[in-house]
DNA sequence: GCGTATAATGACAAGTTGTCACATGACATA
DNA sequence: TATGTCATGTGACAACTTGTCATTATACGC
């Protein structure tokens, strides 16, 4: 989390910093992005940066958290609209989130987020910041909300732990699809959002009904 | 790939370098590992390192590729033993691979590999190095072998593209489980390999038969 | 006008990477 | 044995990082 000083900053200065950070993290991956570039762009001295943020990680996840919070609200709405039906919700949520990520103003930022996100950081998306380990302020909203509102009656999956596993499976379908999109784009091929959604739908279908041909359907 | 000079090196020197690299990449993540430490450990001058390797990436993936090659053989054997049955093979392969990764001599190295592997690099495991883009020498062995030897008769999945997608889903179950193991371990909790295998089996079962309760099984 | 807390600042130490001009070997040939 | 040639070895160096800290500036209450 940014330090209190950051939030006390005059609006224009704060915005300039955020803009510069988005630009830098859009230009390069987290690893390759440099604080030096951010402060040069924003026109603030080096020492000031450290007055506002702990380090590069801090400002990066601050940007990511801004998205997450918004996306959490979308998630809750969609989950509610589908009465806790996991697969109906997922299809719907993915559709909406895809548009936002792939076509929104920060798409280049997300390209780097998804291309270079590792297991360790992936937790951030469905979970909470690692740094604030003691007395975590905000919990794993996506997962917690799912545990509370998922309709388990039509699923084999009953225990909270199993739901958590399934939830991660579903989220993986989403993440790896987004990753697939950006990965292809990087190689020059452009995947349409339609094709991407179809891809996600197919994987969700497999997860819902299985890839095995049901007994009575087998034809030799 | 290491430069030819590296392979012409006297055995002891080469081994010393490899050992030093394993040690450094076991100590720290790819990002945090430093060439300086490797050469200090191996006792070779800086200039020499660059005579052997392109950069940090180059030596890291060289280590990873040594594993991959061995694992490829295991994969082929297991696939053959199961007559192309995806899920039978997967359960078996995972069992064996888990032992190797989690209990083998390079387990700390793999901890960092799995904890900090991103989408962009994940391809390396089931695919080939990015750097040698023109005229790729070795193809996506895991995937190619699967496409050729998978028994599709009991699966809904028929086209090569769909098989590739399914393959990635199955591999994800494996990868995220390994990631889960190391992630927990990092937090002090130790997951037994038995529990880990059960976890993987459950996820594979979902993928095979679906998480939805079949029509005739529904009880209100 | 003064005192105090908060914020701004940039030079700095300590580290990193990749390069390059040069030294040193090794080996074939005259 | 002397010489030429080619592959290797070498470490000082430039060009970057990052995070710190002593110092200066600013604002705000009294």
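Residue numbers (the UniProt record's numbering), protein chains in the order written: chain A, 1 to 220; chain B, 1 to 220. Virtual Cβ for every residue (Gly too), placed ideally from N, Cα, C. The structure displayed is predicted, hence computed values, not measured ones.
Residue j beta carbon less than 8 Å from that of residue i
| i | j | result |
| --- | --- | --- |
| residue 14 of chain B | residue 6 of chain B | yes |
| residue 211 of chain B | residue 156 of chain A | yes |
| residue 82 of chain A | residue 95 of chain A | no |
| residue 174 of chain A | residue 75 of chain A | no |
| residue 77 of chain A | residue 31 of chain B | no |
| residue 63 of chain A | residue 110 of chain A | no |
| residue 203 of chain A | residue 169 of chain B | yes |
| residue 108 of chain B | residue 26 of chain B | yes |
| residue 181 of chain A | residue 86 of chain A | no |
C-alpha gap between residue i and residue j, whole angstroms
| i | j | result |
| --- | --- | --- |
| residue 208 of chain A | residue 84 of chain A | 15 Å |
| residue 137 of chain A | residue 2 of chain A | With a pLDDT of 45 at residue 137 of chain A, under the threshold of 50, the predicted position of this residue should be treated as unreliable, though the coordinate-derived value follows. Approximately 14 Å, taken between the alpha carbons. |
| residue 154 of chain A | residue 115 of chain B | 34 Å |
| residue 235 of chain B | residue 195 of chain B | For chain B, the structure presents residues 1 to 220; residue 235 of chain B sits outside this window and is missing. |
| residue 171 of chain A | residue 191 of chain A | 20 Å |
| residue 45 of chain B | residue 140 of chain B | 35 Å |
| residue 113 of chain A | residue 205 of chain B | 31 Å |
| residue 177 of chain B | residue 43 of chain A | 44 Å |
| residue 48 of chain A | residue 199 of chain A | 46 Å |
| residue 36 of chain B | residue 79 of chain A | 51 Å |
| residue 28 of chain B | residue 189 of chain B | 20 Å |
| residue 248 of chain B | residue 88 of chain A | In this structure chain B extends from 1 to 220, so residue 248 of chain B is not present and cannot be described. |
| residue 148 of chain B | residue 90 of chain B | 16 Å |
| residue 193 of chain A | residue 99 of chain A | 8 Å |
| residue 105 of chain A | residue 18 of chain A | 14 Å |
| residue 150 of chain B | residue 41 of chain B | 45 Å |
| residue 201 of chain A | residue 163 of chain B | 15 Å |
| residue 61 of chain A | residue 4 of chain A | 16 Å |
| residue 197 of chain A | residue 167 of chain B | 19 Å |
| residue 67 of chain A | residue 144 of chain A | 18 Å |
| residue 53 of chain A | residue 65 of chain A | 14 Å |
Enclosing alpha helix (DSSP H) for residue i [first to last residue]
| i | result |
| --- | --- |
| residue 88 of chain B | 86-103 |
| residue 170 of chain B | 160-186 |
| residue 38 of chain A | 35-42 |
| residue 203 of chain B | 193-209 |
| residue 190 of chain A | Note, residue 190 of chain A: premise wrong, no alpha helix (DSSP H); not H, not E. |
| residue 82 of chain B | Careful: residue 82 of chain B lies outside any alpha helix (DSSP H) and carries neither H nor E. |
| residue 144 of chain A | 141-149 |
| residue 23 of chain B | 11-27 |
| residue 114 of chain A | 107-115 |
| residue 7 of chain B | 4-7 |
| residue 153 of chain A | Element bounds for residue 153 of chain A: n/a, residue is neither H nor E. |
| residue 51 of chain A | 46-52 |
Local Cβ density within 10 Å of residue i, reported as buried at 16 or more and exposed below that
| i | result |
| --- | --- |
| residue 8 of chain A | exposed |
| residue 161 of chain A | exposed |
| residue 146 of chain A | buried |
| residue 118 of chain B | buried |
| residue 187 of chain B | exposed |
| residue 121 of chain A | buried |
| residue 179 of chain A | buried |
| residue 34 of chain B | exposed |
| residue 11 of chain A | exposed |
| residue 51 of chain A | exposed |
| residue 20 of chain A | buried |
| residue 214 of chain A | exposed |
| residue 24 of chain B | buried |
Closer than 7 Å: residue i CB and nearest the ligand SAM heavy atom
| i | result |
| --- | --- |
| residue 41 of chain A | Within the structure as shown, the ligand SAM is missing, as the structure has no ligands at all. |
Would you say the stretch 71-80 of chain B touches the stretch 49-57 of chain B, given that touching needs at least three Cβ pairs under 8 Å?
no
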